[in-house]
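Down below is the structure, laid out as structure tokens.
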Ligand code: GLN
């Protein structure tokens, strides 16, 4: 079977399986999205690509954006960022307060919420206009001037984001934030509210399949070593306390978001994005994970 046939048959098969899980309720605006949406896009390094289902519809990429923010911080500040945030799997939920307390305010990795907040703090210090400059960074890599934040999603999360507010204040209390929690949270919620289609995310993330340079725009985002390290972090930490499971079943570096999206990278080959809004208990897309597991099995193309 060729890739197109595999994508089409898996899409039909997995879309029709019984549903499991539900959308994230702590961001009320996410509930306005039709939970039955299901899109997939594979972007190849030679700039060809194939989409199935709702691959052109923009969705809330949520924590997938944390890969972009840590990439920019790494580009701007180099290895110094790792004194503020670790590179170890957390083995706990993405919003754990308990672990942050035990670790004295140094988050385990940049993909859990507390780690992403520290990265936001680093970017606020490094950039003149953090929200605008970050968006420009993303638009430039993707060569896509239409990308934007969703004010509704960001506001909706901010309104009842009690746990994230608590996390941010706890980091500040341990002196691991240089800026005020309000400013860090505002940037963090906006970052998570970025909206993109499966196709746009897959093309954007090709820089991680291409040693740090985006083949779409020719932008040098990361050095070779930095790109390998971000892939390593995605492999070990991209799915919170389900990172081992994703690695075991899918065998690619990846990152999920509570909007139901998952991006996975096959270095030197492709980036694939699946979007299906219902989440499992760990906050990762239920059908997205199933799809990717079968995709790498049928194509025999995991990194292992
Ligand atoms: N904005 C969400 C939060 O902070 C992102 C979480 C996620 O996508 N895993 O909780």
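Residue numbers (the numbering used here): 1 to 304. Cβ coordinates follow ideal geometry from the N, Cα and C atoms, glycine included. None of the values given here were measured: they were computed from a predicted structure.
Item, Value
"Beta-carbon gap between residue 208 and residue 216 smaller than 9 angstroms", "no"
"Residue 154 and residue 192 closer than 9 angstroms at C-beta", "yes"
"Touching by the beta-carbon criterion (3+ pairs, under 8 angstroms), the region 275 to 284 and the region 10 to 23", "yes"
"Distance cut-off 8 angstroms: residue 86 Cβ against heavy atoms of the ligand GLN", "no"
"Spatial distance of residue 111 from residue 35 (CA atoms)", "24 angstroms"
"Ordered list of alpha helix (DSSP H) runs contained in the region 199 to 246, each at least 4 residues", "224 to 237"
"Residue span of the alpha helix (DSSP H) that contains residue 44, given as start and end", "Premise fails: residue 44 lies in the beta strand (DSSP E), 39 to 44, not in any alpha helix (DSSP H)."
"Beta-carbon spacing of residue 274, residue 86 below 9 angstroms", "no"
"Neighbourhood of residue 104 by C-beta distance below 8 angstroms, restricted to the same chain and skipping five residues each side", "174"
"Distance cut 6 angstroms, beta-carbon to the ligand GLN heavy atom: residue list by chain order", "62, 63, 94, 95, 113, 157, 164, 192, 257, 258, 283"
"Option in 219, 176, 289, 47 with minimal Cα separation from residue 125", "176"
"Nearest-angstrom Cβ-Cβ length linking residue 43 and residue 271, presumed shorter than 8 angstroms", "5 angstroms"
"For residue 291 and residue 17, the rounded distance between their alpha carbons", "11 angstroms"
"Exposed unless 16 or more other CB atoms sit within 10 angstroms - verdict on residue 190", "buried"
"DSSP state of residue 279 mapped onto helix, strand, coil", "strand"
"Under 9 angstroms between C-beta atoms of residue 26 and residue 160", "yes"
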